[in-house]
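Below: one structure, written as structure tokens.
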Amino acid sequence: MSQLFTAPHRHFFQAAQNGFYRYLTRRLDDDVVFMNWCYETDPPMGIALDPNDEADRYPIQLYHATATQSDLTGKRVLEVGCGRGGGASYLTRTLNPASYTGLDLNASGIEFCRRRHQVPGLDFVVGNAEDLPFPDESFDAVINIESSHCYPHFDRFLSEVARVLTPGGVFLYADTRPQSHCERWDSDLNASALSVSAQRDITGEVIRGMELNSERWEAAADSLVPRFARRVARRGVPATGSKIWENAQNGLMPYRMYLMVKPA
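Numbering (the UniProt record's numbering), first residue to last: 1 to 264.
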């Protein structure tokens, strides 16, 4: 496996990202329950949403598209990296799992989720993606949306996913990487105990959703910083004209979706 970037640099970058997410958890208001990028097809997905969910249509659609690669009805579902819990709440309310557990390393984020999302069958746990606090074969499905790029040892995370899945269980996964890191990404995925059942590049759909959701993300960025710093803050959110948007447009940050299966 080629070393495309050194471990100290990777760990510093990921620690900075984790610190930034903790900062967002403290500063964002209770109405912000999604932190992931967005998704829209052409023609539009047009999924039916509760009126209370409509404002979050485009981040919800990324969750919906990833999770519905498999039927979750009656399944025990774990989401690793649940953030502010919006995806966990939506999927629990709409896809009828037997149970849904959202896990995140950020204790203040989990505290927020427990307070904000009161949904039957949904619970939240503090835990490390590389050392999941669950027995072997505890879940029928594991979901991971735009979180794994923050993990220092992605291969350990994949091993933990395989451990907690039942035989035949599914890993429903979507994330992005810098183009220069994709060789390592592919190598870790191919070396895991999970087999790739479906894979596709969804960068185009993510860009389309990002553009349609720009106003909401720009408003969130504006709320975090003083007026003089807002132009800089907007460069760091998934919105039209931001650095994230430019990198996706230029092919420097491909975004992929996977359905992976643990052998029966």
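Ideal Cβ positions, reconstructed from N, Cα and C, are used throughout, including at glycine.
Computed from a predicted structure; not experimentally measured.
Span of the alpha helix (DSSP H) around residue i
| i | result |
| --- | --- |
| V196 | It is not in any alpha helix (DSSP H) - V196 instead sits in the beta strand (DSSP E) that spans 195-201. |
| F34 | No alpha helix (DSSP H) contains F34, which DSSP labels as neither H nor E. |
| N190 | 182-191 |
| N213 | Careful: N213 lies outside any alpha helix (DSSP H) and carries neither H nor E. |
| A233 | 230-234 |
| Y151 | Element bounds for Y151: n/a, residue is neither H nor E. |
| T92 | 86-95 |
Beta-bridge partners of residue i, as assigned by DSSP
| i | result |
| --- | --- |
| Y258 | Y173, Q199 |
| A141 | V77, V170 |
| Y100 | V77, L122 |
| L165 | F139 |
| D131 | N128 |
Neighbour-count burial assignment, residue i, 16 or more Cβ in a 10 Å radius
| i | result |
| --- | --- |
| V164 | buried |
| Q179 | exposed |
| G81 | buried |
| Q61 | buried |
| V170 | buried |
| R256 | buried |
| P167 | exposed |
| V160 | This sequence places Glu at residue 160; Val is not what is there. Buried is the call here. |
| Y258 | buried |
| W245 | buried |
| A7 | With a pLDDT of only 48 at A7, under 50, the local geometry of the prediction cannot be trusted, and no value is derived from it. |
| G241 | exposed |
| R227 | exposed |
| E223 | Correcting the residue identity first, residue 223 is Ser in this sequence and not Glu. Label assigned to S223: exposed. |
| Q3 | Reliability fails at Q3, whose pLDDT of 34 lies under 50, so the model's placement of it is uncertain and the value that follows must be treated cautiously. Looking at its Cβ environment, which holds fewer than 16 other Cβ atoms inside 10 Å, Q3 is exposed. |
| S89 | buried |
| residue 265 | Look at the range of the chain in this structure, 1 to 264, and you will see that residue 265 is not part of it. |
| A229 | exposed |
| P238 | buried |
| A248 | buried |
| I47 | exposed |
Reference residue i; option with closest CA among the options
| i | options | result |
| --- | --- | --- |
| L121 | E215, C150, L78 | One point to set straight first is that residue 121 is Gly, not Leu, in the sequence displayed. With distances taken between Cα atoms, G121 lies closest to L78. |
| W37 | M260, G251, G236 | G236 |
| G204 | L224, G251, D155 | G251 |
| R184 | H117, P167, D155, R200 | D155 |
| A129 | I145, Q118, R116, R114 | I145 |
| C150 | R116, M210, S159, D104 | D104 |
| A264 | Y258, E137, F157 | E137 |
| K75 | N247, G209, A98, P43 | A98 |
| Y173 | P152, P167, D201 | D201 |
| S148 | V125, F124, H181, R116 | H181 |
| P152 | R227, D131, K243 | D131 |
| V206 | D29, D30, V32, M45 | M45 |
| Y100 | R216, M210, A191, Q118 | Q118 |
| D31 | W217, Q69, R208 | W217 |
| S70 | P43, D186, N96, P226 | N96 |
| E54 | A248, D186, R234, L212 | L212 |
| N52 | T41, R93, S197 | R93 |
| A233 | A221, S187, S89 | A221 |
| T41 | R208, Q249, A239, I143 | R208 |
| F112 | Q199, D29, K243 | D29 |
| A198 | R116, R115, R114, M260 | M260 |
Rounded distance between the beta-carbons of residue j and residue i, thought under 8 Å
| i | j | result |
| --- | --- | --- |
| A141 | L91 | A141 to L91, Cβ: 10 Å. No contact. |
| F34 | D50 | Between D50 and F34 the Cβ distance is about 15 Å, and since that is not below 8 Å, they are no contact. |
| P254 | T176 | 7 Å |
| Y63 | G85 | At roughly 11 Å, the Cβ-Cβ gap does not stay under 8 Å, so Y63 and G85 are not in contact. |
| K262 | L194 | 6 Å |
| A65 | Y39 | 6 Å |
| G109 | G83 | 6 Å |
| residue 267 | F124 | Because the chain here runs from 1 to 264, residue 267 falls outside it and cannot be looked at. |
| A219 | S192 | About 39 Å; that fails the 8 Å criterion. |
Closer than 8 Å to chain B by CB, residue i
| i | result |
| --- | --- |
| F154 | Any reference to chain B falls outside this structure, which holds one protein chain only. |
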